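*Asks:* Below is one structure. I have some questions about it.
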Ligand SMILES: [Mn+2]
């Protein structure tokens, strides 16, 4: 049995290559997973209404349900594209949700998982916006938006941002901030830190500690596996 960690698939349309790649990848893992740990930005946009899910996400939600039925624990750290996950994840899928990341115990290891959007403490503008967007009053206001309208806004915002970067993963890895962030967690007693968000894979070991940054999915599956107490980052 193994644990798989992945992030930043940015799903939007089930006809997209990376959406199909993810479904195929997860179906292949069924029955072999102790847990699937999703570290945010799995969806290009999500809003957790009580009785409604966006139809474009049904293929993945069904796939997650099958994994869960086959015995896998589901864990989701909220990203900067998919927060306010809501009752479909927590209740219907029985997924453990960590809005800001948190601790995971595996084989005596103390692992800290986070999306990665909090590693730069100087980015005060983003931190304020993040706090506002995640506030429960903001969530209540967002819930008043009809789902079709919310989806239309999400499509518009996604087209706008993919025109800017051509839809590729060419983010910059703020290595120094990331290593500092990990060292703070190591000092708190964690032996492993895993993040996503930057779309650039990194496996860094120091003094018996491990830092993993997960890659994006624009060129194919990108994930980390914990199996027999060893972490491997793919593609290797
Ligand atoms: Mn992100």
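Numbering (our numbering), first residue to last: 247 to 482. Ideal Cβ placement from N, Cα and C applies to all residues, glycine included. Here the structure is a predicted model, which means the values were calculated and not measured.
#1: Leaving out five residues before and five after residue 397 in sequence, what residues of the same chain have Cβ atoms less than 7 Å from its Cβ?
#2: What number of angstroms, rounded off, separates the C-alpha of residue 389 from the C-alpha of residue 476?
#3: Determine the burial state of residue 392: buried for a count of at least 16 other Cβ atoms within 10 Å of its Cβ, exposed for fewer.
#4: Indicate whether residue 479 and residue 449 have their beta-carbon atoms separated by less than 8 Å.
#5: Among 363, 355, 292, which has the Cα closest to the Cα of residue 259?
#6: By Cβ distance, which residues of its chain are closer than 6 Å to residue 439, with the 5 residues on each side in sequence left out?
#7: Since residue 442 and residue 254 are thought to touch, with beta carbons under 8 Å apart, how far apart are those beta carbons, to the nearest angstrom?
#8: Hey, would you say the C-beta of residue 326 is under 7 Å away from at least one heavy atom of ligand 1?
#9: State the Cα-Cα distance for the pair residue 263 and residue 310, rounded to the nearest angstrom.
#10: Helix, strand or coil for residue 315 per DSSP?
#11: Can the beta-carbon of residue 331 be found closer than 8 Å to that of residue 285?
#12: Could you spell out where the alpha helix (DSSP H) holding residue 249 opens and where it closes?
#13: Going by alpha carbons, who is nearest to residue 305 out of 343, 279, 265, 298?
*Replies:* Quick look at the numbers:
#1: As a first step, residue 397 is located in the chain shown; it is residue number 151 there, counting from the start. Around residue 397: 300.
#2: Here residue 389 refers to the residue found at position 143 of the chain shown. Here residue 476 refers to the residue found at position 230 of the chain shown. Computed Cα separation, rounded: 42 Å.
#3: Stepping through the chain shown from its first residue, residue 392 is reached at position 146. Residue burial annotation: residue 392 is exposed, with fewer than 16 other C-beta atoms found within 10 angstroms of its C-beta.
#4: In the chain shown, the residue the question calls residue 479 occupies position 233. In the chain shown, the residue the question calls residue 449 occupies position 203. In contact: residue 479 and residue 449 (Cβ atoms closer than 8 Å).
#5: Residue mapping note: residue 259 aligns to position 13 of the chain shown, counting from 1. The residue with the shortest Cα to Cα distance from residue 259 is 292.
#6: For the purposes of this step, residue 439 is taken as the residue at position 193 of the chain shown. The beta carbon of residue 439 sits closer than 6 Å to the beta carbons of 358, 428, 431, 457 from its chain, once the five residues preceding and following it are set aside; these are given in chain order.
#7: Counting from one through the chain shown, the residue named residue 442 turns up at place 196. Counting from one through the chain shown, the residue named residue 254 turns up at place 8. Your pair residue 442 and residue 254 checks out as a contact, with CB atoms roughly 5 Å apart and the cut at 8 Å.
#8: Counting from 1 along the chain shown, the entry for residue 326 is found at position 80. The answer is yes for residue 326.
#9: Counted from its first residue, the chain shown places residue 263 at position 17. Counted from its first residue, the chain shown places residue 310 at position 64. Their backbone Cα atoms lie some 18 Å apart in a straight line.
#10: Here the question's residue 315 lines up with position 69 in the chain shown. Three-state DSSP puts residue 315 in a helix.
#11: For the purposes of this step, residue 331 is taken as the residue at position 85 of the chain shown. For the purposes of this step, residue 285 is taken as the residue at position 39 of the chain shown. Taking 8 Å as the Cβ cut-off, residue 331 and residue 285 do not qualify as a contacting pair.
#12: Within the chain shown, numbered from 1, the residue matching residue 249 stands at position 3. No alpha helix (DSSP H) contains residue 249, which is instead part of the beta strand (DSSP E) from 248 to 252.
#13: Within the chain shown, the letter at position 59 stands for residue 305. Nearest of 343, 279, 265, 298 to residue 305, Cα basis: 265.
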